[in-house]
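2 protein chains.
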Amino acid sequence: MTDTEDQQERKRGTGARFVYDTLRDEILNLVLQPGEPIDEIGLAERLSMSRTPIREALVRLAGDGLVTLLPNRSTVVSQIDFPNLHHFFDALTLMYRVTTRLAAQFHDAGDLQAIRARQAIFAEAVIAGDTAGMIQLNRDFHVAIAEAGRNPYYLQLFSRLLDEGRRILRLYYYPSFEPALPHPYIQEHEAIIAAVAARDVDTCDRLAKEHADKIVRQIQDVMARDLRQNIEI
Amino acid sequence: MTDTEDQQERKRGTGARFVYDTLRDEILNLVLQPGEPIDEIGLAERLSMSRTPIREALVRLAGDGLVTLLPNRSTVVSQIDFPNLHHFFDALTLMYRVTTRLAAQFHDAGDLQAIRARQAIFAEAVIAGDTAGMIQLNRDFHVAIAEAGRNPYYLQLFSRLLDEGRRILRLYYYPSFEPALPHPYIQEHEAIIAAVAARDVDTCDRLAKEHADKIVRQIQDVMARDLRQNIEI
DNA sequence: TGTATTTAGTTTGTCGACAAGATTTTAATA
DNA sequence: TATTAAAATCTTGTCGACAAACTAAATACA
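Taken in order, these protein sequences are the chains called A and B.
With the first letter of the first sequence counted as 1, position 32 gets the number 32 in our numbering; the numbers rise by one all the way through.
For our numbering, count along the second sequence from 1 and bump the result up by 233.
As structure tokens, this is what we get:
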């Protein structure tokens, strides 16, 4: 799909949203690399609209921490703060835990249905060996759980952390095991669904912590390996 | 200070920030009531600038959850979601705990100095019986602690929760005890400072939880009393 | 009198333009 | 040649204007 196809007959009020969604997607999928400058005029031409909706989208993305607005200078895609990644992991683990706990308490039948639907799509991506899809759909699965927990404050922070995690995972996570079934993540997700459905708060907390720790450890392992390689070279 | 005094000779690039700060302050101090519509043109005239920086400020405030942008309709000051306040209290309590714990771990001498400075100003407001000041300066004190904890994700959520709390407190918190010294909040803050300085994580966690629970209980008491009064009428 | 429809009046979303500030290029000097 | 100064170019921040969408007021109709 070329960008010029989108230019005509877009409804009023959707311009800024379209730019926001487009840029967000490109940032999270590393089409736009961390540190890369974003030129408003260039974007305006590419998406064939004026700078006003572009600007609004950039301001919103800055609120999400995805871009950094340098006053009177160019806007850049936010850098990933590698020296302080442990703070990211700490917050991510805590949000995994509290959202899953709250899901056990506050979910209803509709929530379970939504969660199971996300899990099914996630499993498809795993079977297909679609790494990028896995990363995004794993996010959607946990967001569905957080939504069942009903706490908008946790949901917002967790969404943001999972988004940031998408960038990190795409940099550091390569399929480090054979595409064998049953896949460990699928099994873990199933266990979490069962604990949520059983309203077993303590098991939810334990499973969420284990799940989070495993993901964190995997990223750290890859990062450590990557670091060693850099040193050897 | 009248608004017209601010119109001339403001530096380029500070317009949107000025509007943001002004509106934020007015919203948190209930000068602009929840649900009140915000007219862009009126604001533009009042702050004597064009609608563009006004709009940017509103988009940022919407990102903070302080205003709600209704597409093609007026922007309104966000309502306080009273039916779901328990989720607010839950998140607030958790953030009190984790930020204070992290402060115990990661603070340095400069952080302690900043925290003590905020506590001193807070104590002044307590002695002066300045309720509005107390609410804001109590926020600043805990933000200083969160900053010492170094986790930007917790800091952002906590700041947002404390801001939202400012609105709730201004609606529901009236000085329910005589201005006697030593004031319990001052004492509790001192105990928290001591535990942070001693790097005693467990005590920090306990004190933060007690502190949070006390504030939550106090608000809930006032709300319950308020509710009874409404029923009696 | 109450409801539906048209009309008039606001308010927002987007646009093109311009000037302040920053960046790059060119010229000047040691 | 290297360093500094000036000029030219580019990018952002702000502005005023206009049209789409919404709101209300006025009118028509049952």
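The beta carbon of each residue, even a glycine, is placed where N, CA and C say it ideally should be.
Please read these numbers as outputs of a predicted model, since none were measured by experiment.
Selected residue, minimal CA-CA separation from residue i, among the options
i: B/TYR418; options: B/GLY398, B/ALA441 and B/ARG288; result: B/ALA441
i: A/GLU147; options: A/ARG118, A/ASP130 and A/GLY63; result: A/ARG118
i: B/ARG400; options: B/GLY248, B/GLU423, B/ARG372 and B/THR436; result: B/ARG372
i: B/ASP341; options: B/ARG279, B/ALA445 and B/ARG432; result: B/ARG432
i: B/GLU259; options: B/GLY382, B/ARG243 and B/LEU294; result: B/LEU294
i: B/ARG243; options: B/LEU280, B/ASN305 and B/ILE354; result: B/LEU280
i: A/ARG12; options: B/ASN305, B/ALA353 and B/GLN453; result: B/ASN305
i: A/GLY110; options: A/ILE215, A/ALA224 and A/ALA197; result: A/ALA197
Cβ-Cβ distance between residue i and residue j below 9 Å
i: A/GLN79; j: A/PRO37; result: no
i: A/ASP90; j: B/ASN317; result: no
i: A/HIS142; j: A/TYR172; result: no
i: A/HIS87; j: B/TYR386; result: yes
i: B/ILE274; j: B/ARG284; result: yes
i: A/THR93; j: A/ALA212; result: yes
i: A/LEU239; j: A/ILE135; result: Within the shown structure, residues of chain A are numbered from 1 to 233, placing residue 239 of chain A beyond reach of any answer.
i: B/VAL292; j: A/VAL59; result: yes
i: A/THR99; j: A/LEU28; result: no
i: B/LEU390; j: A/LEU162; result: no
i: A/LEU137; j: A/ILE127; result: no
Alpha-carbon to alpha-carbon, residue j and residue i
i: A/ALA195; j: A/ALA104; result: 7 Å
i: A/LEU32; j: A/ALA57; result: 15 Å
i: A/GLY133; j: A/SER159; result: 17 Å
i: B/GLU357; j: B/GLU443; result: 23 Å
i: A/ASP205; j: A/GLU188; result: 13 Å
i: B/LEU303; j: B/VAL310; result: 11 Å
i: A/GLU164; j: B/GLN346; result: 33 Å
i: A/PRO53; j: B/ASP297; result: 19 Å
i: A/ASP49; j: A/ARG17; result: For clarity, residue 49 of chain A is Met in the given sequence; the question names Asp instead. Looking at the two C-alpha atoms, the distance is approximately 12 Å.
i: B/ARG257; j: B/THR436; result: 35 Å
i: B/ASP236; j: A/THR68; result: For B/ASP236, the pLDDT reaches just 37, beneath the cut-off of 50, and the residue's location in the model is therefore unreliable, although a value from the coordinates is still provided. For B/ASP236 and A/THR68, the distance between alpha carbons rounds to 30 Å.
i: A/ILE193; j: A/VAL222; result: 28 Å
i: B/GLN241; j: B/GLY248; result: Caution is warranted here: a pLDDT of 49 is assigned to B/GLN241, below 50, making its placement in the model unreliable, and no coordinate value can be reported.
i: B/ILE466; j: B/ASP459; result: Caution applies to B/ILE466, whose pLDDT of 47 falls short of 50 and renders its modelled position unreliable; the model cannot decide the point.
i: B/ASP239; j: A/LEU43; result: Its pLDDT being 41, under 50, B/ASP239 is placed unreliably by the model, and nothing is read from it.
i: B/GLY382; j: B/ASP363; result: 29 Å
i: B/GLN451; j: B/GLU423; result: 20 Å
i: A/GLN220; j: A/PHE82; result: 11 Å
i: B/LEU263; j: A/SER74; result: 36 Å
i: B/ILE348; j: B/PHE339; result: 14 Å
i: A/MET1; j: A/ALA144; result: Confidence at A/MET1 is low in this model, with a pLDDT of 36, below 50, so the placement of that residue should be treated as unreliable; the coordinate-derived value is given next. For A/MET1 and A/ALA144, the distance between alpha carbons rounds to 29 Å.
i: B/VAL449; j: A/LYS214; result: 35 Å
i: A/HIS183; j: A/ALA224; result: 24 Å
i: A/GLU45; j: B/ASP272; result: 31 Å
Element boundaries [beta strand (DSSP E), containing residue i]
i: A/THR68; result: 67-69
i: B/THR326; result: Taken as a continuous stretch (DSSP letters only), B/THR326 belongs to no beta strand (DSSP E), being part of the alpha helix (DSSP H) at 318-339.
i: B/THR285; result: No beta strand (DSSP E) holds B/THR285; the alpha helix (DSSP H) holding it covers 284-296.
i: B/THR308; result: 308-310
Under 7 Å by beta carbon: chain A residues contacting residue i
i: B/GLY248; result: What B/GLY248 touches in chain A: nothing, since even the nearest Cβ is about 11 Å away.
i: B/ASP323; result: ASN151
i: B/GLY296; result: ARG60 and GLY63
i: B/HIS422; result: Within chain A, no residue comes near B/HIS422; the closest Cβ sits about 24 Å away, beyond 7 Å.
Opening and closing residue of the alpha helix (DSSP H) in which residue i lies
i: A/VAL143; result: 131-149
i: A/VAL126; result: 109-128
i: B/GLN389; result: 385-405
i: A/ILE192; result: 184-197
i: B/ARG243; result: From DSSP, B/ARG243 is part of no alpha helix (DSSP H); its letter is neither H nor E.
i: A/ILE41; result: 40-46
Within chain B, the residues that residue i reaches when beta carbons sit closer than 7 Å
i: A/LEU157; result: TYR386 and LEU390
Beta-carbon neighbours of residue i, restricted to chain B and to distances below 8 Å
i: A/GLU56; result: ARG288, GLU289 and VAL292
i: A/HIS211; result: Going along chain B, no residue has its Cβ under 8 Å from A/HIS211, so there is no contact; the nearest lies around 19 Å.
i: A/LEU161; result: TYR386
8 Å Cβ cut-off: residues of chain A touching residue i
i: B/GLY343; result: Chain A residues near B/GLY343: none, gap ~18 Å exceeds 8 Å.
i: B/HIS375; result: In chain order: nothing, as chain A lies at least about 16 Å away.
i: B/HIS340; result: In chain order: nothing, as chain A lies at least about 14 Å away.
Within chain A, partners of residue i - CB distance below 9 Å
i: B/LEU402; result: Here the premise fails: no neighbours, minimum Cβ distance about 17 Å.
i: B/HIS416; result: Near B/HIS416 there are no residues of chain A at all, since even the closest Cβ is about 29 Å away, more than 9 Å.
Neighbouring residues, chain B, relative to residue i (Cβ below 9 Å)
i: A/LEU94; result: LEU327, VAL331 and TYR387
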